[in-house]
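Asker: Below is one structure. I have some questions about it.
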Amino acid sequence: MRSKLTNNFRNFFSENNLNVVSIFMIAAVILGLYLSWEPVQISILLLIIWIILRGTNGQNVARWSLIFFLFMSVSILLKKYDLVEQFSLGAMIFLFFSVVKMSIDKVSDDKKKG
Amino acid sequence: MKKMKNTICKFFFKNWKYCFVILLFCFAFFNMQNLNLAQSDLQIKSSLDQLSDLQKNIYIIKNDQGSISTETIFDSNNGDYYRLFFQLKATNVTNIGLDIGKSKIKVILAGVGGGRQVLSEISVNQGGKAEKKELVFKTNDRFSYLIFQRSNADYDPEIKIDGIYLTRLSCQNDQCLSSLGQTISGSSGEIKIAPEMVSSNDVLHKFGNSKTDFGQIFLAQSDNLSAIELAMDSVGSGGLGNYQITIKKASRNNNLFSVNSAVLASFQFEPNDLKKYLIEKNIYRFPLAFDTKKDEYYYLALNNSQVKTNYFNSLKILGSSDTLSYPDGGAYVSGSKKDCGDLFFKIESLQPIVSGSVKIPYNATIEDLGRGTKLYRYKFSSSAGDYLDIFQKSTLLTQSPYLDNVTGGISTPVSDFASYSYKFDTIEPFGKIEFKYRQPGMYYVNTLGYYSFDNKSWQKIQFLDPANGGDWFGQSVNGDGKSTTLYLKFTYNPQDIGNINKLFIVSDLEVTGMTGNP
C-alpha cells in the first residue's frame, strides 16, 4: 500500500503531465552542463539514470559497455585520445554496472523460483 | 511522531530509485565538476607559453624532435674567438634510461651558406635541474646561429636550452685563448640542501572542497633559501586555478608551534604546469627566495585558496606519517594542532661566491675576454638570485620586495617610500657601464630607478626610446677610471599610487660593463 506522501508525489507528476524519468534526465543534462562536462560524460550519466529508473536487465547494460568499447576503438583509430579516455571510463562503468545488475537479477530470479 | 517516521521511511523505501539518483546528483554536484581547461583554452595557453619562451630565448627540443636551431645570434668570420654560455635541462625525465652515453647533445655552429662546425658533445643533466655550460671556441667559417642536436634518437626527453649568451673574445691567437682567466659566475656557488626529509611513502593530505593551508614546520640550517622540493601526486586535472606555496615565520614553545600570518615568500603554479617543475617521479622543485636565518623556524605550506579542487581533481601531498621522521617540526593543517607526520621536503640554500673580498651577485658573470679586458655581465634569471642579490632593503615586511613569479620580476608593496638597491662590483675599474630594466604593464605603480657610484649621490635613470619597448628604462655611463661599484636603487613614483595594484615592479634588470682596455 502506497503511503500518502508517495501518492501525492506521483499525483503531482501525473496531474501535470510530467514523466518523472524525463524530469530527472533533463536535470542530469542541466547538471552536466553546469559542471562543464563533456557530451560523452553527460551521455554516461543519462544512461546510468535510465538504467536505475527504468530498469533493464544485466545483459543490456553489458551491451552498453560493449558499445563504449567500440567507440573507444574507433577513437583510437581516429587518434582522438581525449575521447578514448572518456569512452574507456564509460565502458568500465557499464561493465561494473552489468555485473551488479546481473547479480541482482540472479538473486531475484532465485527468490521467485524458490 | 512514530507515524510520521513510518511515513517517511515508507516513502524512501518505495522511492529508493529516485532517492538514489538525487544522492548521485548531490555527489556529482560537490565532487565532479570538470576542472580541465577547455581545449581552446589549452591551445591558447600553449601558444602563449611558446611565445613567452621565444621572447625569453628559450629553446625546447621536443620529444619527437631531433634538433633545434636558434635565431641568428652572431656573425662570425673565419678565425674569430668566442665564448658561449647556455643552460641545459631535461624537462621531461620520465623516459630517461640509465645509459648516460645516450643523454648527450651536440652543439653545432651553423652558417647560412650551409657551413657546420661541431663545437662539443655535452651531457644533459638527468636530475631535472638546469646546468650551466661554457664553451670557448675558434670559428673555422662564417656562422650565424647554433644548432642543438640529440646525439642519440633513443634519448627522447624534452630538452630545454636557455640563457644562451655569446661573447666575442679579444683574442687573436691560440696562445691568448689558453691564457684566459677562469670565468667567475655568481650562480656557481654551492647549493646546501638542509634540512630535508626524504620519505614520500604516505599521502599526508589531499585538497578537497575546503580551502586549507597544509605544510611543514622546519628549522632553517643555513641562510638564504633559494628553492624547495616537495613530493606531490596529481589527481585528475589537479584542480583549476593556482596553488600557492608560502613561507611564514614560525616559533616554538616546548612542543607547540605558532605561525605568524604574514607571508614572507610565495610561489604560484597551475596544476597544468607542474611538469615544468618535475625533477623525478612525484618530486617537484620550485624556486622560492627568502633570506631565511639559520636556527629559526619557518612554516612551508601549500594552499588551495585560489584553486578549485574536488575529490576527483586535486593534489595529494606526500611524506611520512611517522611524526618522528623529522624531529624539528611536523606537518600541520593551518590552525590545527594535530601533527600529521612530516612532508617530503628539501630546503635549498644558495651560498654566495666571494672573489677576493667581493661578494659576486648570483646573476653576475665576470669573464676574461683576453688582452687585459674583462666583461661584467648581470641579468635577472627569474630565479631566487633576482631577490637574493638585493643589497639593501627595508626590514619591514610591508615594504620588503619579493620574488614574484606571476609578474616575473621583483615586486614591492607601495608603502612609505619603500625602496631597495643592488650593488654591482666589477672588481676592476670600469670604463663604460650600461644598465637597463623594465617595469611591466600599466596596471602597476610606476617604478623610479636611480644610479650611483658611491651609494650617496643618486641620478635618475632615463626612459629609453619607445622604439626599444615602451617600458624600458636605462642608460650608458662612463666610469671615472677609479670606480669599481655601481649602485641601482628602485622606488615608486608617489604621484602614481592611485593605480589598481599597489605594487611597483622591476624586471629584466641587466648590467653590462667592461673593465681594462677594451
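Residue numbers (our numbering), protein chains in the order written: chain A, 1 to 114; chain B, 115 to 632. Idealized CB from N, CA, C, for every residue including glycine. These figures come from a predicted structure and were not determined experimentally.
1. Can you name, in chain order, every residue of its own chain whose Cβ lies under 6 Å from the Cβ of residue 103 of chain A, other than the five neighbours on each side?
2. If you run the structure through DSSP and keep just helix, strand and coil, what is residue 608 of chain B?
3. Check residue 367 of chain B in the structure and name its three-state DSSP category.
4. Using the Cα positions of residue 62 of chain A and residue 97 of chain A, report the straight-line distance between them to the nearest angstrom.
5. List the whole-angstrom C-beta distance separating residue 414 of chain B from residue 361 of chain B, where the pair is believed to meet the contact cut-off of C-beta under 8 Å.
6. Over what stretch of residues does the beta strand (DSSP E) that includes residue 27 of chain A continue unbroken?
7. Tell me the residue span of the beta strand (DSSP E) that contains residue 417 of chain B.
8. Thinking residue 281 of chain B and residue 489 of chain B are a contact (beta carbons under 8 Å), I'd like their distance in whole angstroms, please.
9. When the distance is taken between beta carbons, is residue 311 of chain B closer than 8 Å to residue 225 of chain B?
10. Who are the near neighbours of residue 194 of chain B in its chain, counting only those whose CB is closer than 6 Å to its CB and skipping five residues on each side?
11. If you run the structure through DSSP and keep just helix, strand and coil, what is residue 90 of chain B?
12. If contacts are defined as beta-carbon pairs under 8 Å, then residue 303 of chain B and residue 465 of chain B qualify, I think. What distance do you get, rounded to the angstrom?
13. I'd like to know if residue 157 of chain B contacts chain A, where contact means its C-beta is closer than 8 Å to some C-beta of that chain.
14. Compute the Euclidean distance between the alpha carbons of residue 128 of chain B and residue 120 of chain B, then round it to the nearest angstrom.
15. If you run the structure through DSSP and keep just helix, strand and coil, what is residue 98 of chain A?
16. Just checking: is the beta-carbon of residue 94 of chain A within a distance shorter than 8 Å of some beta-carbon in chain B?
17. Taking all protein chains shown into account, do 16 or more other C-beta atoms lie within 10 angstroms of the C-beta of residue 556 of chain B, making it buried, or fewer, making it exposed?
18. Taking 8 Å as the threshold, find out whether the region 67 to 74 of chain A comes into contact with the region 17 to 32 of chain A through three or more Cβ pairs.
19. Hey, does residue 14 of chain A have any beta-carbon neighbour from chain B nearer than 8 Å?
20. Quick one, are the C-beta atoms of residue 638 of chain B and residue 144 of chain B less than 8 Å apart?
21. In chain A, which residues lie less than 7 Å from residue 146 of chain B when you measure between Cβ atoms?
22. Run the CB neighbour count on residue 506 of chain B, radius 10 Å, all protein chains shown included, and call it buried at 16 or more, exposed below.
23. I need the straight-line Cα distance from residue 40 of chain A to residue 494 of chain B, nearest angstrom please.
24. Assess contact between the region 265 to 283 of chain B and the region 195 to 204 of chain B, defined as three or more Cβ pairs (one per stretch) separated by less than 8 Å. Is contact present?
25. From residue 595 of chain B to residue 547 of chain B, what does the alpha carbon distance come to, in whole angstroms?
26. Could you tell me the alpha carbon to alpha carbon distance between residue 217 of chain B and residue 270 of chain B, rounded to whole angstroms?
27. Please confirm if the region 335 to 350 of chain B is in contact with the region 444 to 453 of chain B, defined as three or more CB-CB distances below 8 Å between the two stretches.
28. Measure the beta-carbon distance from residue 235 of chain B to residue 265 of chain B and round it to whole angstroms, keeping in mind my assumption that it falls under 8 Å.
29. Going by DSSP, what residues sit across from residue 264 of chain B in a beta bridge?
30. Measure from the alpha carbon of residue 229 of chain B to the alpha carbon of each residue in B/190, B/163 and B/564, then state which is nearest.
31. Mapping DSSP to helix, strand and coil, what is residue 311 of chain B?
32. Output, in sequence order along the chain, the residues in the region 336 to 368 of chain B whose CB is closer than 8 Å to any CB in chain A.
33. Cα separation between residue 255 of chain B and residue 188 of chain B?
34. Hey, out of A/58, A/36, A/31 and A/60, whose CA is closest to residue 46 of chain A's CA?
35. Is the region 370 to 381 of chain B touching the region 501 to 517 of chain B, taking contact as three or more C-beta pairs under 8 Å?
Answerer: Straight from the coordinates:
1. Here residue 103 of chain A corresponds to residue number 103 of the first sequence, with the count starting at 1. Correct list: empty, nothing qualifies.
2. Here residue 608 of chain B is taken as the residue at index 494 of the second sequence, counted from 1. Three-state result, residue 608 of chain B: helix.
3. The residue labelled residue 367 of chain B in the question sits at position 253 within the second sequence. Looking at residue 367 of chain B - three-state DSSP - the assignment turns out to be strand.
4. Along the first sequence, read from residue 1 onward, the residue named residue 62 of chain A stands at position 62. Along the first sequence, read from residue 1 onward, the residue named residue 97 of chain A stands at position 97. Distance between the alpha carbons of residue 62 of chain A and residue 97 of chain A: 8 Å.
5. Sequence index remark: in the second sequence, residue 414 of chain B carries index 300 (1-based). Sequence index remark: in the second sequence, residue 361 of chain B carries index 247 (1-based). Their Cβ separation, rounded to whole angstroms, is 6 Å, which keeps residue 414 of chain B and residue 361 of chain B in contact under 8 Å.
6. Within the first sequence, numbered from 1, the residue matching residue 27 of chain A stands at position 27. No beta strand (DSSP E) holds residue 27 of chain A; the alpha helix (DSSP H) holding it covers 20 to 34.
7. One-based indexing of the second sequence puts residue 417 of chain B at position 303. Start and end: 411 to 422.
8. Position 167 of the second sequence, counted from the first residue, corresponds to residue 281 of chain B. Position 375 of the second sequence, counted from the first residue, corresponds to residue 489 of chain B. Rounded, the Cβ-Cβ distance is 6 Å, consistent with contact.
9. As a working note, residue 225 of chain B is residue 111 in the second sequence. As a working note, residue 311 of chain B is residue 197 in the second sequence. Cβ distance not < 8 Å, so residue 225 of chain B and residue 311 of chain B don't count as in contact.
10. Looking up residue 194 of chain B in the second sequence gives position 80. 253.
11. Residue 90 of chain B is absent from the structure shown; chain B starts at 115 and stops at 632.
12. Here residue 303 of chain B is taken as the residue at index 189 of the second sequence, counted from 1. Here residue 465 of chain B is taken as the residue at index 351 of the second sequence, counted from 1. Between residue 465 of chain B and residue 303 of chain B the Cβ distance is about 5 Å, and since that is below 8 Å, they are a contact.
13. By 1-based counting over the second sequence, the position of residue 157 of chain B is 43. False, the Cβ-Cβ gap to chain A never drops below 8 Å.
14. Working through the second sequence from its first residue, we reach residue 128 of chain B at position 14. Working through the second sequence from its first residue, we reach residue 120 of chain B at position 6. Rounded to whole angstroms, residue 128 of chain B to residue 120 of chain B spans 12 Å at the Cα level.
15. On the first sequence, residue 98 of chain A is found 98 positions in, with the first residue counted as 1. Residue state, collapsed to three classes: helix.
16. Position 94 of the first sequence holds residue 94 of chain A. By this cut-off, residue 94 of chain A is not an interface position.
17. Here residue 556 of chain B is taken as the residue at index 442 of the second sequence, counted from 1. By the neighbour-count rule (16 or more Cβ atoms within 10 Å), residue 556 of chain B is not buried but exposed.
18. no
19. Taking the first residue of the first sequence as 1, we reach residue 14 of chain A at position 14. No, residue 14 of chain A lies away from the interface with chain B (no Cβ there is under 8 Å from its Cβ).
20. Chain B is shown from 115 up to 632; residue 638 of chain B falls before or after that span and cannot be answered.
21. As a position in the second sequence, residue 146 of chain B is number 32, starting the count at 1. What residue 146 of chain B touches in chain A: 35.
22. On the second sequence, position 392 is the one that residue 506 of chain B refers to. With fewer than 16 Cβ atoms within 10 Å of its Cβ, residue 506 of chain B is classed as exposed.
23. Sequence index remark: in the first sequence, residue 40 of chain A carries index 40 (1-based). Sequence index remark: in the second sequence, residue 494 of chain B carries index 380 (1-based). Going by the C-alpha atoms only, they are around 47 Å apart.
24. yes
25. Your numbering for residue 595 of chain B matches position 481 in the second sequence. Your numbering for residue 547 of chain B matches position 433 in the second sequence. Straight-line Cα distance between these residues: approximately 12 Å.
26. Here residue 217 of chain B refers to the residue found at position 103 when the second sequence is read from its first residue. Here residue 270 of chain B refers to the residue found at position 156 when the second sequence is read from its first residue. Approximately 9 Å between the Cα atoms of the pair.
27. no
28. Against the second sequence, residue 235 of chain B aligns to sequence position 121. Against the second sequence, residue 265 of chain B aligns to sequence position 151. Rounded, the Cβ-Cβ distance is 6 Å, consistent with contact.
29. Reading the second sequence from its first residue, position 150 is the one you call residue 264 of chain B. Per DSSP, B/219.
30. Sequence index remark: in the second sequence, residue 229 of chain B carries index 115 (1-based). The shortest Cα separation from residue 229 of chain B among B/190, B/163 and B/564 belongs to B/190.
31. Taking the first residue of the second sequence as 1, we reach residue 311 of chain B at position 197. Residue 311 of chain B: strand per DSSP, three-state reduction.
32. none
33. Position 141 of the second sequence holds residue 255 of chain B. Position 74 of the second sequence holds residue 188 of chain B. So the two alpha carbons sit approximately 13 Å from each other.
34. Position 46 of the first sequence, counted from the first residue, corresponds to residue 46 of chain A. It is A/31.
35. yes
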